[in-house]
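Residue numbers (our numbering): 349 to 457.
Worksheet: one structure, shown below.
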């Protein structure tokens, strides 16, 4: 994750970060974020599973993931992906099963 804007980087109210995943990388963990996230894919592609639905996304596609929904991002094996993501500042994340207070992803503050 590369933070592009955040409350501690130029006082942005909404953090923006870039996610770069190399070809052949495994799927990310099944997890929950407590706020809506918007992902725009700028290179490569991925399969995004969220709230019981699965989306196959390529460069140029955008997906809006609702808060409190289980999600998992699996990069395209041959291309990996790059995406620009935004959400509310100070969001919390949990690996499934959701237990405890969760963590605040450092790229969002």
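Even glycine gets a Cβ: it sits at the ideal position worked out from N, Cα and C.
Close beta carbons around residue i, own chain, < 7 Å, minus the five adjacent residues each side
i, result
"residue 438", "452, 456 and 457"
"residue 425", "371 and 372"
"residue 446", "380"
"residue 360", "353 and 354"
Beta-carbon separation (whole angstroms), residue i vs residue j, contact threshold 8 Å
i, j, result
"residue 433", "residue 385", "6 Å"
"residue 369", "residue 423", "4 Å"
"residue 394", "residue 405", "6 Å"
Minimum C-alpha distance to residue i - residue among the options
i, options, result
"residue 435", "409, 402 and 416", "416"
"residue 392", "454, 450 and 430", "430"
Residues of its chain near residue i, where Cβ-Cβ distance is below 6 Å and the 5 sequence neighbours each way are ignored
i, result
"residue 364", "352, 353 and 434"
"residue 421", "376, 394 and 396"
Taking the runs of the beta strand (DSSP E) that are 3 residues or longer, which of them lie wholly in the stretch 402 to 449? 410 to 413, 417 to 423, 429 to 435 and 441 to 443
Whole runs of the beta strand (DSSP E) within the stretch 357 to 398, excluding any shorter than 3 residues: 364 to 369, 379 to 381 and 385 to 398
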